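Everything on this sheet refers to the single structure shown next.
Here it is as structure tokens:
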């Protein structure tokens with residue numbers, strides 16, 4: 034359940050009602066009495082200048098104002114079409130900040146101070162990714178975090194994200210924001226930044242690049258462990274793409290995420306993904322381990338995160354970058370809420386183990402599938418043999434019922450009949466047709482999932 038949204042603070046003393054009315058008429062002449070306009074005027078009149086907690090509270094109130102579901106009819110310019118409440122309020126905020134430097138400069142200073150005082154490295158490199166504790170360690174860690182209070186981490190953007198958007202459904206709202214006005218608002222708040230103070234966009238970009246380097250080191254370490262290497266004998270240690278991944282990311286850091294270095298990173302990430310696929314296909318040969326399956330999932334998610342960050346860094350600043358950034362942040366928000374769920378980690382790993390069990394059953398059922406005429410005739414003959422042996426088994430079962438044996442010996446006779454029947458099938462190479470549906474379903478599903486064709490196949 035979502036907690037109550039923060040309310041805008043009351044109007045500062047010294048702000049006369051005449052000034053408020055003039056503000057409303059200037060920026061919303063079609064609806065000067067709308068509460069959203071007055072709330073915005075109060076919000077912009079109370080921008081804090083000191084203290085990180087006060088600044089974070091103001092950001093929280095500002096987001097709450099944007100998310101207010103109250104209809105915002107009449108706030109758009111006459112030439113602009115009506116839009117959802119969040120888009121309308123965002124356009125109103127943009128108009129005010131573009132027109133009034135006295136309102137824009139305090140907001141820009143607040144954003145700069147918040148970004149300078151917080152770190153985004155944890156948000157981009159840890160949120161939504163397993164902590165490397167193994168399956169049972171992760172479960173116990175989540176249980177501990179649920180039962181014991183966590184210390185506040187106001188200097189982490191990951192905590193601010195959860196503070197602004199306390200329920201998973203907020204990710205849909207965030208993903209639905211239009212990137213064009215957000216890009217304009219960002220460019221507006223970057224203005225006037227002088228060295229050594231870095232612009233907020235530069236701070237975020239540096240955090241993204243650092244997250245790439247950290248993810249590369251962690252993923253390379255997981256991909257080069259002994260149990261992963263011995264399940265991928267096709268790739269030598271020196272040729273391992275995980276070894277190359279670290280070197281390529283060092284080049285990305287050294288060249289400040291140049292476009293060609295990001296393209297090379299994408300190629301190496303795809304090679305690492307192929308190695309993970311090979312290791313997964315060899316799990317049943319070397320044994321299925323809960324912790325290994327868990328680490329493979331960590332590698333997959335880390336590679337996906339690196340690709341998402343590279344997409345944000347690879348596009349030009351402006352609307353395109355904001356579009357990719359919104360997708361990334363919405364995904365981070367969903368995974369941040371999933372990080373707190375014990376049920377999610379258990380369900381995820383149970384699903385992975387079940388998939389490996391089904392794939393193993395598919396390997397056992399491959400000999401029930403034929404692709405040539407000769408194989409088809411062989412299958413007919415083996416099925417005929419199995420049918421004949423099964424018919425004899427049924428006759429012996431009926432005959433045993435006529436012998437009036439004691440229950441123990443009657444059961445023993447039936448068990449011996451069935452055991453002898455299945456042993457005879459194994460010796461003669463016969464096939465029991467009733468086993469085909471359950472055994473071939475997994476094999477057919479695997480072939481379809483790998484893009485295999487069913488042309489000419491018979492079961």
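In the numbering used here, the protein residues as written are 34 to 492.
No residue lacks a Cβ here, since even glycine has one placed at the ideal position from N, Cα and C.
Given the structure is predicted, the values throughout are model-derived calculations rather than measurements.
Asked                                                                                                                                                                                             : Found
To the nearest angstrom, report how far apart residue 267 and residue 308 are at their CA atoms.                                                                                                  : 9 Å
Tell me whether the segment 291 to 299 and the segment 233 to 244 touch, counting them as touching only if at least three CB pairs, one residue from each stretch, are closer than 8 Å.           : no
In terms of residue numbering, what span does the alpha helix (DSSP H) encompassing residue 370 cover?                                                                                            : 352 to 371
Can you give the beta carbon distance from residue 201 to residue 370, rounded, assuming they're within the 8 Å contact cut?                                                                      : 4 Å
Report buried or exposed for residue 330, applying the criterion of at least 16 other Cβ atoms within 10 angstroms of its Cβ.                                                                     : buried
Output the boundary residues of the alpha helix (DSSP H) element that contains residue 59.                                                                                                        : 50 to 60
Could you check whether residue 157 and residue 338 sit closer than 9 Å to each other, using their CB atoms as the reference points?                                                              : yes
Among 461, 144, 441, 342, which has the Cα closest to the Cα of residue 411?                                                                                                                      : 461
Grab me the residues of residue 51's own chain with a C-beta within less than 7 Å of its C-beta, minus the 5 sequence neighbours each way, in chain order.                                        : none
Is it buried or exposed for residue 119, if we count other Cβ within 10 angstroms and need 16 for buried?                                                                                         : buried
Compute the Euclidean distance between the alpha carbons of residue 493 and residue 63, then round it to the nearest angstrom.                                                                    : This structure gives no information on residue 493, because the portion of the chain shown stretches from 34 to 492.
With a threshold of 6 Å on Cβ separation, who are the neighbours of residue 261 within its own chain once the five nearest residues in sequence on each side are excluded?                        : 312
DSSP on residue 189, reduced to helix/strand/coil?                                                                                                                                                : strand
Pick from 81, 192, 447, 151: whose alpha carbon is nearest that of residue 143?                                                                                                                   : 81
Within its chain, find whatever has a CB closer than 7 Å to the CB of residue 95; leave out the 5 residues flanking it on each side and keep chain order.                                         : 76
Are residue 279 and residue 250 closer than 9 Å when you measure CB to CB?                                                                                                                        : yes
Check the DSSP bridge columns for residue 269 and list the partner residues they point to.                                                                                                        : Note: residue 269 sits in no beta bridge, so no partner.
Please go through the same chain and pick out, in chain order, the residues whose beta-carbon is closer than 8 Å to the beta-carbon of residue 15, but skip the five residues on each side of it. : The first residue shown for the chain is 34 and the last is 492, placing residue 15 beyond what the model contains.
Rounded to whole angstroms, what's the CA-CA distance from residue 396 to residue 203? Just pull it up for me.                                                                                    : With a pLDDT of only 49 at residue 396, under 50, the local geometry of the prediction cannot be trusted, and no value is derived from it.
Does the Cβ-Cβ distance between residue 354 and residue 345 come in under 9 Å?                                                                                                                    : yes
With residue 235 as the anchor, note down where its alpha helix (DSSP H) starts and where it stops.                                                                                               : 233 to 256
Using CA coordinates, which residue listed in 208, 325, 78, 303 is at the minimum distance from residue 258?                                                                                      : 325
What's the gap between the Cα of residue 359 and the Cα of residue 207?                                                                                                                           : 7 Å
Are the Cβ atoms of residue 65 and residue 79 separated by less than 9 Å?                                                                                                                         : no
Which word fits residue 437, buried or exposed, when buried means at least 16 other C-beta atoms lie within 10 angstroms of its C-beta?                                                           : exposed
On the DSSP bridge assignment, give the partners of residue 152 in chain order.                                                                                                                   : 189
Taking the straight line between their C-alpha atoms, what separation do you get for residue 16 and residue 425?                                                                                  : Outside the shown range of the chain, which is 34 to 492, sits residue 16, and nothing can be said about it.
With 16 as the cutoff for other CB atoms within 10 Å, does residue 256 come out buried or exposed?                                                                                                : buried
Taking the Cβ atom as the reference point for each residue, do residue 17 and residue 89 lie within a distance shorter than 9 Å?                                                                  : Given that the chain is displayed from residue 34 to residue 492, the structure contains no residue 17 and the question cannot be resolved.
Can you tell me where the alpha helix (DSSP H) with residue 159 in it begins and where it stops?                                                                                                  : Where residue 159 is concerned, there is no enclosing alpha helix (DSSP H), given that its DSSP letter is neither H nor E.
Restricting to runs no shorter than 4 residues, where is the alpha helix (DSSP H) found entirely within the segment 271 to 352?                                                                   : 274 to 287, 292 to 314, 316 to 319, 323 to 347
Just to confirm my understanding: we take residue 187, look at its own chain, exclude 5 residues before and 5 after, and list those with CB closer than 7 Å. What are they?                       : 85, 86, 89
Assuming residue 281 contacts residue 263 (C-beta within less than 8 Å), just tell me the rounded distance between them.                                                                          : Between residue 263 and residue 281 the Cβ distance is about 24 Å, and since that is not below 8 Å, they are no contact.
Whose CA, out of 209, 237, 408, 191, lies closest to the CA of residue 148?                                                                                                                       : 237
Does DSSP put residue 411 in a helix, a strand or coil?                                                                                                                                           : helix
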